[in-house]
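S.K.: Structure provided below as structure tokens; questions to follow.
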Amino acid sequence: MGVAAAYLVLINAVGFVLMGVDKKRAIRGAWRISEATLFLTAFLGGALGCTLGMRHFRHKTKHWYFKYGMPAIFVFELLIFLILMNI
């Protein structure tokens, strides 16, 4: 269980940081992190970090697929976690 918890902390930290880095790059007009990469990070368990980063940095909040998609992925991951914990 310790390895899984460490993985979740790490992937969520990565999601949070990616949102911040992409926001900075957007402001500077530099090369951006692809939306596919941001969603892949969320699907790999980092949806909470991505959502918190999105809110904290006020990034991608006008895109409906981020505004509703990231929290939806988190809820899905939370349900899977709860199901697995009951087994």
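The sequence shown finishes on residue 100 if you use the working numbering, and the numbering steps up by one all the way, no holes. All C-beta atoms, glycine included, are put in the ideal place defined by N, C-alpha and C.
Where residue 94 and residue 27 are concerned, what is the direct C-alpha to C-alpha distance, given to the nearest angstrom?
M.R.: As a first step, residue 94 is located in the sequence shown; it is residue number 81 there, counting from the start. As a first step, residue 27 is located in the sequence shown; it is residue number 14 there, counting from the start. The straight-line gap from Cα to Cα measures roughly 20 Å.
S.K.: Count the other CB atoms within 10 Å of the CB of residue 56; is the residue buried (16 or more) or exposed (fewer)?
M.R.: As a working note, residue 56 is residue 43 in the sequence shown. Label assigned to residue 56: exposed.
S.K.: How long is the line joining the alpha carbons of residue 41 and residue 34, rounded to whole angstroms?
M.R.: For the purposes of this step, residue 41 is taken as residue 28 along the sequence shown, with counting starting at 1. For the purposes of this step, residue 34 is taken as residue 21 along the sequence shown, with counting starting at 1. Looking at the two C-alpha atoms, the distance is approximately 11 Å.
S.K.: Assign residue 75 to one of two classes, buried (16 or more other C-beta atoms within 10 Å of its C-beta) or exposed (fewer than that).
M.R.: Residue 75 sits at position 62 when you count from the first residue of the sequence shown. With fewer than 16 other Cβ atoms within 10 Å, it is exposed.
S.K.: Whose C-beta lies closer than 6 Å to the C-beta of residue 73 among residues of the same chain, with five residues either side of it excluded?
M.R.: Within the sequence shown, numbered from 1, the residue matching residue 73 stands at position 60. Once the five neighbours on either side are set aside, the close Cβ partners of residue 73 are 67, 79.
S.K.: If the criterion is Cβ atoms closer than 8 Å, does the pair residue 84 and residue 64 meet it?
M.R.: The residue given as residue 84 occupies position 71 in the sequence shown. The residue given as residue 64 occupies position 51 in the sequence shown. Yes; because the gap between Cβ atoms is below 8 Å, this pair is in contact.
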